[in-house]
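> Below is a structure I'd like to ask you about.
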Ligand code: UDP
Ligand code: MG
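Numbering (this note's numbering), first residue to last: 108 to 243.
Written out as structure tokens, the structure reads:
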């Protein structure tokens with residue numbers, strides 16, 4: 108039985124800065140994701156703070172929000188069977204050092220903070236995150 112889902116992917120500033128967005132987009136296409144919507148934007152620190160509110164209590168929160176708002180990002184609405192989990196698998200572990208071979212973070216990530224991509228971690232959060240960037 109099919110279980111089509113949508114999830115949010117972000118190509119983070121470190122990857123956009125290195126001009127990796129086309130390479131990363133082809134990885135999604137080659138793995139049967141449909142890019143339903145996408146846009147390149149540069150968010151403010153205030154917006155990053157709202158987006159990452161779930162991490163408010165973490166020691167890395169401030170740096171994380173500064174980082175996500177430090178340069179342009181590409182946000183995408185991805186669609187596939189089991190898209191949330193499939194995207195997490197394709198991304199790999201949060202720390203590129205721990206990520207499996209072939210994953211996006213292994214291939215492109217620089218460090219635990221500059222790890223090139225974001226992906227929603229549940230169907231519920233995917234809805235919230237997609238609304239944050241794509242609700243008009
Ligand atoms: N992060 C960080 N330091 C840490 C843990 C996380 O800078 O010790 C950053 C990293 O960019 C990560 C983001 O915070 O992608 C969100 O953390 P989360 O644990 O949700 O990891 P993810 O879901 O992105 O794998
Ligand atoms: Mg997360």
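Cβ atoms here follow ideal geometry from the backbone N, Cα and C, with glycine treated the same way.
Computed from a predicted model, the values in this text were never measured in an experiment.
Nearest to residue 155 by alpha carbon, out of 126, 214, 178, 207?
Here the closest residue by C-alpha is 178.
> From 123, 122, 138, 159, pick the residue whose C-alpha is nearest to that of residue 195; which is it?
With distances taken between Cα atoms, residue 195 lies closest to 138.
> Going by the beta-carbon positions, is the gap between residue 206 and residue 115 smaller than 7 Å?
No, the pair does not count as a contact, with Cβ atoms beyond the cut-off.
> CB of residue 228 to nearest heavy atom of the ligand MG: below 6 Å?
The answer is yes for residue 228.
> Going by DSSP, what residue range makes up the beta strand (DSSP E) through residue 146?
Residue 146 -> beta strand (DSSP E) spans 141-148.
> Which class does residue 234 belong to by DSSP, given the choice of helix, strand or coil?
It is helical.
> Taking DSSP's pairing of strands, which residues face residue 296 in a bridge?
Missing from the structure shown is residue 296; the chain here goes from 108 to 243 and no further.
> Alpha carbon to alpha carbon, how far is residue 175 from residue 152?
Whole-angstrom Cα-Cα distance: 8 Å.
> Any heavy atom of the ligand UDP closer than 6 Å to the beta-carbon of residue 127?
No, the Cβ of residue 127 stays beyond 6 Å of every heavy atom of the ligand UDP.
> Do residue 144 and residue 241 come within 7 Å of each other at the CB atom, strictly closer than that value?
Yes, the Cβ-Cβ distance between residue 241 and residue 144 is below 7 Å.
> Would you identify the three-state DSSP class for residue 180, choosing helix, strand or coil?
Strand, per DSSP.
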